[in-house]
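Protein chains in written order, with this note's numbering: chain Y, 1 to 445; chain A, 1001 to 1305; chain E, 2001 to 2301.
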Amino acid sequence: MSRFLKVAAVASAAVLALTACGGGDDSSSSGSSGGSTVSDADVTAALEKGGTLTVWAWEPTLKDVVTKFQEKYPNVKVDLVNAGTGDKQYTALQNAIAAGKGVPDVGQIEYYALPQFAIGKALTDLKSYGAESLKADFNPGPWNSVNSGGGVYGLPMDSGPMALYYNKEVFDKYKIEVPKTWTEYLEAARKLHKADPKAYITNDTGDAGLTTSLIWQAGGKPYTVDGTNVTINFTDAGSQEFVKVWQALISEKLLAPVSSWSDGWFQGIGNGSIATVATGAWMPANFVTSAPAGSGKWRAAELPQWTAGANASAENGGSALSVMDKGANKELAYGFLKFANDGDGVQIRVDGGAFPATSKTLADPAWLADEFEYFGGQKANEIFAKSAQQVVTGWSYLPFQVYSNSVFNDTAGKAYVSNTTLADGLKAWQDQSAKYGNEQGFTVK
Amino acid sequence: MTTTTSPVRSSSRTGKPVTLSSKKRRKGSVLLTVLTAVMALYSLFPLAWLVINSTKTQDGLFSSFGLWFDDGKFALFSNIADTFTYNDGIYLRWLGNTAIYVLVGAGGATFLALLAGYGLAKFNFVGKKAVFAIVIGAVAVPPTALAVPTFLMFSKMGLTNTPWAVIIPSLISPFGLYLMWTFAAQAVPTEMLEAARVDGAGEFRTLFKLSVPLLMPGIITTLLFTMVATMNNYFLPLIMLKNPDWYPLTVGLNSWNAQAATAGGEAVFNLVITGSLITVVLLLAAFLSLQRYWQSGLAAGSVKE
Amino acid sequence: MAVPQVAAPPPATRRVRRSYQGWKFVGPFMIVFALVFLAPIVYAIYLSLYRNRLIGGNAFVGLDNYTQALQDAQFWSGVGRVGLFLVVQVPIMLFLALLVALALDSGRLYGKSFFRVSIFLPYAVPAVVAALMWGFIYGSQFGLVGSINDALGISLPDPLKPSLILASIGNITTWQFVGYNMLIFYSALQVVPKSLYESAAIDGAGQVRIIRSIKLPAIRGALVIATIFSIIGSFQLFNEPAILRNLAPNAITTFFTPNYYAYSLTFSGQQINYSAAIAVVMAVITMIVAYVVQLRGTKDL
């Protein structure tokens, strides 16, 4: 530091003062971490006593949850801030953590990003709050996702057991059967595109989340994580299954070159030129609000299988609420987590169209009997609940998955727009991720 | 040096050319006009898309041809109404924020550039060369790369998530400084300043009473450019502000554009488009009204001289 | 119209006053400037000498980040890309801007003020909005390009494919900034004494001749400054690739331009230190290029 100050002395006095505080200490805001356990009574006391909570989340149904929470605990004031979606919010979180200021009490974090924040010591291990006792309340998939390195780093908020959504009108028109396997899916893709060159079985411009989810479903385990020892390997059997089918879809130009979530995507979903979407169970709400033109035409089905007759599923998306390590009032924050994700909040969010992570809801007959207007009155929750039970166990993400996903299109994405094969693309993705991991102090093989 | 700023004078020095030039003005060239019209068409057709599509509903956007109106439904007015009422009318709030950022940011930037440009043009002082070198050098540093260091610094100072985090960086316009500098060097006669000094007037008094009227065209121009720059400011507010209540229009509109991409999020592309159109129209109005002001400023400036 | 006759660097007055008087005027600007430009730069240099890792924390690494940057193929591919952009797009844009400015200045245009405003208009469109519009137009499936293909039964190349994406981005920046540069040139032309070329016209000089030997030399200062700002702008290319990336994720890599690379390093990879080093290297390159252009531009004056 002092050497630096000498260098900086050439600059003006204002510069000096600023940089000094830029590199300075940030000990003031760090709270007590770990150690003593916190009982339920402590949490209840904190809720009664009240205070202010800052929650960073983009999930729209939380707004109602906050309203009800404040009604129940009038002394608590919740400041719900939409600090961006997904990686935008993570950036904001990392910045706040780096600056040591403005860190919220509670943050929404997707499952794929959770290990990264956990290993960066940004999140509070909720074990000392007795979170482990809540294990039975949640589905195994999401529960597994909030467990990282022996700690519990959040409570699952929603989950994304996968399903295949398809446009029944288009399928009926061209007399295409709903595919039971991914091989049949490939056949359906060929048949559809031949019958109508403007129509595609689905869109894909290279999506790290979809790729990892489908490999997950195929039983692949490209990532193993043991503390800071990490392996990445996209040549295992599960990954190869995925590569085989997807390479054919790419090579035969059967995928619409439209990025998910773009206006063109919603347009395609509405007008039938994109015939299926394989994604998480949280999707119906998006269909309704963003592609109303497709209402009544679409249906949900079980995800096609990699092996005929198998019953395998995977998760796509889903997020937890976590208590930030630098938050000021952790007991209160944990109280909010329990209310929102395990207590009254669950039903409020389900009513708002969210897909829950709680096992109780998934077994609720009333919920299962819900008829989806968008799906022509289909009881789609039955399919989603079944998918949730069938999620393949043993999957884990990298402790630097946020970075890794960000370079997916630089590497594997080449397969979608050039002669590079998907296998080579995944290899490049693997290498780039491994390089980063090693630079960051992990031991990656 | 000052003669070049007064085209009216110099052309009236000789009688003939004036008549020649006015004759020439009347004789337009069709070819030249057509070529320029092609350029104008290129500039305007994406904006035509904006206007046409602001008349469509969310559904109509997807189901109709982009460069023509949706049959039957003319939703411009309902779109405008929705834009102003969606999310408890936050668009209006963003509009107000933008107005504040532009007013304080661009106004402040112009004021600082006026002072500094004038100082550089009309005074010799120790370190003047260094000032020039430092300013030009600093302009070359990519601002996005400075964003994180700036963010960390501002965060330590408790400025993030406040309007100041957007306003303070907008106060510096190197291009504005350059404009004011060249303008002051040419439009303000040094002899006039000398005379004022002999009369015992203070330097600041001289600036505001005597020089500012001469500098008006330059001031308005600088204001115009800094206004557009502040209005376009996207990246800095994006990382500095977390609370949507402080967003400027650009960040707000993009957050509407992005919100479809979340579980349960609602696509409101029609409001994004209509909101954009309103933004562009307001900027255009500001530009045109300033332009009128500027023209009178120029006239005043050249007469005084 | 609005910009005075520009020349770089501006002429200085010879009158010497008390030697610190000027700081009263320059001071406020420099204080804010130090806060928002110099301090972050110094801080960036400081950051670039360290490396913060997810595992193992922060450590002083000297010039390691710079050594890495100099050998980083991704970084240099981005530099090459903006270099190409600079050599192709900047001349096209400035040439178009100059043509329009000369046409406006010739006084032989019908509807002059309409053209002046409409060509300047794109400059006032925020980048987010511009990207939305062009993103729609470029869509080869559902966008305007797709509609045109359908309507005419042709197949235009996809503007978002990797081999065309740079040209497509060039088109957007050209669209946005022709008007801005046009305004700078036009203003400079406005203050050229009309008597100069009107007497030349009497002497029988043609329009081309007048432009070449009177108008262009007279606005050389404006040309140089517009070129320098365009060069700096090219090197800092960021908004358009960042926003179009949603539509063309495979064509626009995270290291597409050096500036975008610095952004990705910081925001996706948390490599703040390395990103700072990239920014410093890029600043040095930009300064050298801008300086050379300025030197060449003013030497011939």
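Glycine included, C-beta positions come from ideal geometry on N, C-alpha and C.
Check	Outcome
Pull up the distance between the alpha-carbon of T1055 of chain A and that of E1266 of chain A, whole angstroms please.	19 Å
For the structure I just gave you, are there three or more beta carbon pairs, one from the segment 432–445 of chain Y and one from the segment 222–232 of chain Y, closer than 8 Å?	yes
Is S1022 of chain A helix, strand or coil when you go by DSSP?	With a pLDDT of 42 at S1022 of chain A, under the threshold of 50, the predicted position of this residue should be treated as unreliable, and no value is reported.
Please list the residues of the segment 2083–2099 of chain E that have a C-beta atom closer than 9 Å to any C-beta atom in chain A, keeping them in chain order.	L2096, L2099
Under 7 Å Cβ-Cβ, which residues of chain Y neighbour A1258 of chain A?	T85
Apart from the five residues just before and just after A2262 of chain E, which ones in its own chain have a Cβ nearer than 6 Å to its Cβ?	S2275, I2278, A2279
Please work out which residues of its chain come closer than 8 Å, Cβ to Cβ, to L1277 of chain A, disregarding the five sequence neighbours upstream and downstream, and give them in chain order.	L1050, V1051, S1054
Let me check one thing: in DSSP terms, what residues is G151 of chain Y bridge-paired to?	Y:S148
To the nearest whole angstrom, what separates the beta carbons of P304 of chain Y and P161 of chain Y, a pair I think is in contact under 8 Å?	In fact, because the Cβ distance is near 15 Å, the residues do not count as touching under 8 Å.
Between A2283 of chain E and chain A, is any beta-carbon pair separated by less than 7 Å?	yes
Excluding five sequence neighbours on each side, which residues of the same chain lie with their C-beta closer than 8 Å to the C-beta of A2044 of chain E?	A2276, A2279, V2280
Mapping the DSSP letters down to three states, classify S1255 of chain A as helix, strand or coil.	helix
Figure out for me which residue from E:V2036, E:I2272, E:Q2021 has the closest Cα to the Cα of S1170 of chain A.	E:V2036
At least one CB of chain E closer than 7 Å to the CB of S396 of chain Y: is that the case?	no
Pick out whichever of Y:A428, Y:T289, Y:W246 has its Cα sitting closest to the Cα of Q267 of chain Y.	Y:T289
Could you list which residues in chain E have their beta carbon closer than 7 Å to that of F400 of chain Y, in chain order?	L2054
Using a Cβ-Cβ cutoff of less than 6 Å, which residues in the same chain neighbour V407 of chain Y once the five nearest sequence positions on both sides are dropped?	Q432
What are the boundary residues of the beta strand (DSSP E) that V225 of chain Y is part of?	223–226
For M1240 of chain A, does the three-state DSSP call read helix, strand or coil?	helix
Going by alpha carbons, who is nearest to A1040 of chain A out of E:V2082, E:G2179, E:D2105, E:A2039?	E:G2179
Using the beta-carbon count (16 or more within 10 Å), is A2283 of chain E buried or exposed?	buried
Identify the continuous alpha helix (DSSP H) that holds D1059 of chain A and give its terminal residues.	1058–1063
At the level of alpha carbons, what is the spacing between V346 of chain Y and V76 of chain Y?	19 Å
Counting only C-beta atoms, is T91 of chain Y closer than 7 Å to chain E at any point?	yes
Output, in chain order, the set of chain E residues within a Cβ distance shorter than 8 Å of I119 of chain Y.	L2054, I2055
What three-state label does DSSP hand R2212 of chain E in the structure shown?	helix
Distance cutoff 7 Å, beta carbons only. Does Q440 of chain Y sit that close to anything in chain A?	no
Can you check DSSP and say which residues form a bridge with F2061 of chain E?	What sits at residue 2061 of chain E in the sequence shown is Val, not Phe. Per DSSP, none; premise fails for V2061 of chain E.
Cutting at 7 Å between CB atoms, please list the residues of its own chain near L1210 of chain A, excluding the five before and the five after it.	M1192, A1196
Identify whether S322 of chain Y lies in helix, strand or coil by the three-state DSSP scheme.	strand
Taking 7 Å as the threshold (beta carbon to beta carbon), is D410 of chain Y in contact with chain E?	yes
Across the segment 2240–2258 of chain E and the segment 2066–2078 of chain E, are there enough close Cβ pairs to call them in contact, namely three or more that are closer than 8 Å?	yes
So A301 of chain Y packs on V392 of chain Y, CB below 8 Å; how close in whole Å?	In fact, because the Cβ distance is near 19 Å, the residues do not count as touching under 8 Å.
Please list, in chain order, the chain A residues whose beta carbon lies closer than 7 Å to that of G102 of chain Y.	S1155, T1160, N1161
Please report the distance separating the alpha-carbon of V2117 of chain E from that of A1285 of chain A.	11 Å
Taking only beta-carbon atoms, is Q347 of chain Y less than 7 Å away from chain A?	no
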